[in-house]
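Undergrad: Line by line, the protein sequences are chains A and B. Going letter by letter, the first sequence gives residues 1 to 330 in this note's numbering. Going letter by letter, the second sequence gives residues 331 to 660 in this note's numbering.
Number of protein chains: 2
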Amino acid sequence: MKALVATKFGDTDVLKLEEVEKPQLGADDLLIEVHATAMNPVDTKARKHGLGGLRVPPFVLGFDVSGVVRESGSNAAAHFKVGDEVFGLVSLFRNGANAEFVAADYRTMAKKPASVSHIQAAALPIALLTAWDGIYDRLQVKSGETVLIHAGGGGVGHIAIQLAKLKGAKVITTASSNASIELVKSLGADIVINHKQEDFAKKVLELTNNNGVEAIFDCVGGPVFAKSLDCIAPGGRIATIVEGSDANPSEKLFFKNASLHYVFIGAPLMYNLHPELQGKVLSEAAKLAEQGKLKAHVSQVLTLEQLAEAHKLQESGTVTGKIGIKVLNN
Amino acid sequence: MKALVATKFGDTDVLKLEEVEKPQLGADDLLIEVHATAMNPVDTKARKHGLGGLRVPPFVLGFDVSGVVRESGSNAAAHFKVGDEVFGLVSLFRNGANAEFVAADYRTMAKKPASVSHIQAAALPIALLTAWDGIYDRLQVKSGETVLIHAGGGGVGHIAIQLAKLKGAKVITTASSNASIELVKSLGADIVINHKQEDFAKKVLELTNNNGVEAIFDCVGGPVFAKSLDCIAPGGRIATIVEGSDANPSEKLFFKNASLHYVFIGAPLMYNLHPELQGKVLSEAAKLAEQGKLKAHVSQVLTLEQLAEAHKLQESGTVTGKIGIKVLNN
């Protein structure tokens, strides 16, 4: 089969279209004919330096998938049949969906609603699972609470806004480009802070009578994580989806009696921690998508052959919503 | 009234027995005749350097109290009557119970069971509220889970063991003195690691098939907090009751998809964050104490006049359970 292989660590020129073996199936696996995948920051990080040493080239990236079941392992067959349209998150630790076929654990997949396109469905899994874990399972955002979502126009952020609004929370979000500001407003964000024009922490304190917000969902990390420590309310909760920050949270968070959640969506498959919950969450998301209550904003669609360009776009940090990757031309 | 006043920051010689004004009552306050108080690490920290600059001498320490209501503010009168025996946590930001009388917000107090002595009741509030927040509200320890409790023979630790066992969890705890080891075993700890004889993180990994424990309750901080990051399971939760550690948790916790809770029991009164919950938790604890399911281990009882000695003992780090302080000689 054809696959876009990351042949070694490096710039986008390490990505080569090659002929490779179809994936081997385990008992829990589905062989999925890939119709679409999507770009995520994890693709460019893995291409540049593996994932904390956990991946070594050559490997195939593309962890979101939407496609059609073509074969199934012995355990998987009772749950999905050949011909089913499915979408989901492929393990970060196996070859991905930048290829004609991908193998994925059936427990992490869900049926794609007929009314949702493959491009739309493939744009959901990583962003949705990350936002769901952050906003629902970890921060447990409640109706009436205020949550600050960083980079609300980004891949994870724009899904997080929708989940927080579905729960009845008030959403403050940061955005700077016109396209992102327009997107977050269309998704119901209550207050948009243009972080290039003003200091978000000062603005949040001003908006909250110096108290800070009950919950912060950080999709940026680094200095944005560090500054977030200054505008969390006493008793508040922060979730970050970005590894690494020089800021030691102890000094700022201890006397606030606050909580800090690290959200790494690769963990359930890495450690075999209830991978079936991924499939369940995606099934719930599929229902919301079918009802028109949840939608990935795919701002541009490229083909597998244009993957290097897609990586460059993703790394530019200017993408609104998601970049979809069309694989099967049908 | 008589009070032991911390006249300035310093060693125990700054503690002086003085004649001071009785506390002024606000509408939510009870005036409590102090029968007993107890030592906590927060007393010695406040004596040495305030609490992160939040307290300036002269002040009266002693934040746990058990005693008898002698007057009540206008809002408090509907809830407690003169003559009621009460116990609770006095605000860390007001004068404490190292005195004949103390004022306390009625919402943070509970009725003392008749079968529990003042010394016993005064040994509970800070330790119980801290352990309850850590084990129940933040870590949400469940039946069948394994929790590692550091310093299980200490003031907070020995209450945490009891709460975790009441929930049906498996308890691994660290202790080193004979008295502490005996105490934690009597409270039902399943496994005791003598941290002076072996590396607790290695031992925990060995005991858990290299997986680590689902929950850690850290009552020690510093290097113990840092090393705890090495033996938490993927998806695990850590709660620490000690401010400040040089260890930045991000690197160890991010890829484990873990959560970190800072537990500072002064926060509800400092920020007026549901102080009524303190009274409710203490009322529940009072029921457990009355039923014989929960008991503070008071290893020694000193008098108010012996407070300097009590501070020295507390600072020695060798106390098993709690030091009770008898105030009213009746």
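C-beta: ideal position from N, C-alpha, C; glycine also.
1. Tell me, which residues are paired with T661(B) by DSSP?
2. Which residues bound the beta strand (DSSP E) around D734(B)?
3. For the beta strand (DSSP E) that R237(A) lies in, which residues bound it at each end?
4. Rounding to the nearest angstrom, what Cα-Cα distance links E415(B) and V501(B) in this structure?
5. Rounded to whole angstroms, what is the Cα-Cα separation between T503(B) and V486(B)?
6. Give the single residue among R55(A), A77(A), H158(A) whose Cα lies nearest to the Cα of G188(A).
7. What runs of the beta strand (DSSP E), each 3 residues or longer, lie entirely inside the region 154 to 200 of chain A?
8. Between which two residues does the beta strand (DSSP E) carrying H604(B) extend?
9. Would you kindly check if the distance between the Cβ of T37(A) and the Cβ of A122(A) is under 7 Å?
10. Which bits of chain A does S447(B) rub up against, with CB to CB less than 7 Å?
11. What does C273(A) touch in chain B if you count any residue whose Cβ is under 7 Å from its own?
12. For T633(B), I'd like the list of residues in its chain whose CB is within less than 6 Å of its CB, leaving aside the five on either flank, ordered along the chain.
13. Check each candidate in A99(A), L31(A), F264(A) and name the one with the smallest Cα separation from K582(B).
14. Beta-carbon within less than 8 Å of A336(B)'s beta-carbon, same chain only, minus the 5 sequence neighbours each way: which residues are those?
15. Give the DSSP-derived three-state secondary structure of A3(A) in the structure shown.
16. Does the beta-carbon distance from G324(A) to H297(A) come in below 7 Å?
17. Since L612(B) contacts G397(B) with CB under 8 Å, what's their CB separation in whole angstroms?
18. Using a Cβ cut-off of 7 Å (strictly closer), state whether H591(B) contacts chain A.
19. Let me confirm a value: P579(B) is counted as buried when at least 16 other C-beta atoms fall within 10 Å, else exposed. Which label applies?
20. Expressed to the nearest angstrom, what Euclidean distance is found between the alpha-carbon atoms of A3(A) and G96(A)?
21. Compute the Euclidean distance between the alpha carbons of L328(A) and E100(A), then round it to the nearest angstrom.
22. On the CB-based measure, 16 or more other CB atoms within 10 Å of its CB, does A78(A) come out buried or exposed?
23. With a cut-off of 7 Å, does the C-beta of M331(B) fall near any C-beta of chain A?
24. Mind reading off the beta-carbon distance from I456(B) to D358(B)? Whole number of angstroms is fine, and I expect it under 8 Å.
25. Could you tell me the boundaries of the beta strand (DSSP E) in which E415(B) lies?
26. Taking the alpha-carbon of V192(A) as reference, which of I181(A), A201(A), V213(A), S91(A) has the nearest alpha-carbon?
27. Can you tell me which of the three DSSP states R314(A) falls into?
28. Is the shortest distance between the beta-carbon of S245(A) and the beta-carbons of chain B less than 7 Å?
29. If contact means a Cβ-Cβ distance below 7 Å, which residues of the region 88 to 111 of chain A contact chain B?
30. On the DSSP bridge assignment, give the partners of L590(B) in chain order.
31. By how many angstroms is the C-alpha of F217(A) removed from the C-alpha of A615(B)?
32. Give the interface partners of R385(B) over in chain A, defined as CB-CB distance under 9 Å, in chain order.
33. Output, in chain order, the set of chain B residues within a Cβ distance shorter than 7 Å of E251(A).
34. Would A597(B) and N257(A) be called neighbours here (beta carbons separated by less than 7 Å)?
35. Do you know how far the Cα of T342(B) is from the Cα of S629(B)?
36. Looking at C-alpha atoms only, which residue of I568(B), V432(B), E606(B), P353(B) is the closest neighbour of A461(B)?
TA: Result, derived from the coordinates:
1. Outside the shown range of chain B (331 to 660) lies residue 661(B), about which nothing can therefore be said.
2. Past the boundaries of the shown model lies residue 734(B); chain B is included only from 331 to 660, so the question cannot be answered.
3. R237(A): member of the beta strand (DSSP E) spanning 232 to 240, first to last residue.
4. For E415(B) and V501(B), the distance between alpha carbons rounds to 34 Å.
5. Their Cα atoms are separated by approximately 12 Å.
6. Of the candidates R55(A), A77(A), H158(A), H158(A) places its Cα closest to the Cα of G188(A).
7. Entirely contained in the region 154 to 200 of chain A, the beta strand (DSSP E) runs reaching 3 residues are, in chain order, 170 to 175, 191 to 194.
8. Careful: H604(B) lies outside any beta strand (DSSP E) and carries neither H nor E.
9. Yes, Cβ-Cβ distance for A122(A) and T37(A) is below 7 Å.
10. Contacts between S447(B) and chain A, judged by CB atoms closer than 7 Å, are missing: the closest CB pair is about 31 Å apart.
11. Here the sequence assigns Leu to residue 273(A), which means Cys is not the residue at that position. Correct list: P564, G565.
12. These residues qualify, in order along the chain: K656.
13. Nearest C-alpha to K582(B): F264(A).
14. Contacts found: V344, L345, A376, R377, P387, P388, F389, V390, L391.
15. Correct three-state label for A3(A): strand.
16. No, the Cβ-Cβ distance between G324(A) and H297(A) is not below 7 Å.
17. Not really, about 14 Å apart at Cβ, beyond 8 Å.
18. Yes - at least one Cβ of chain A is within 7 Å of the one on H591(B).
19. With 16 or more other Cβ atoms within 10 Å, it is buried.
20. One C-alpha to the other measures close to 9 Å.
21. Their Cα atoms are separated by approximately 7 Å.
22. A78(A) counts as exposed, since fewer than 16 other C-beta atoms from the protein chains shown sit within 10 angstroms of its C-beta.
23. Not one chain A Cβ lies under 7 Å of M331(B).
24. At roughly 20 Å, the Cβ-Cβ gap does not stay under 8 Å, so I456(B) and D358(B) are not in contact.
25. Element bounds for E415(B): 415 to 419.
26. The option with the nearest alpha carbon to V192(A) is I181(A).
27. Here the sequence assigns Gln to residue 314(A), which means Arg is not the residue at that position. Residue state, collapsed to three classes: helix.
28. Under the 7 Å criterion on CB atoms, S245(A) is classed as interfacial with respect to chain B.
29. Residues passing the 7 Å Cβ filter: none.
30. DSSP, once it has assigned bridges, lists L260(A), I568(B) as partnering L590(B).
31. If you take the alpha carbons of A615(B) and F217(A), they lie about 35 Å apart.
32. From the beta-carbon of R385(B), no residue of chain A is found nearer than 9 Å; the closest lies around 13 Å away.
33. Within chain B, G574 have C-beta atoms less than 7 Å from the C-beta of E251(A), given in sequence order.
34. For A597(B) and N257(A), yes; Cβs fall inside 7 Å.
35. Near 21 Å, if we compare the C-alpha coordinates of T342(B) and S629(B).
36. For A461(B), the closest C-alpha among the options I568(B), V432(B), E606(B), P353(B) is that of I568(B).
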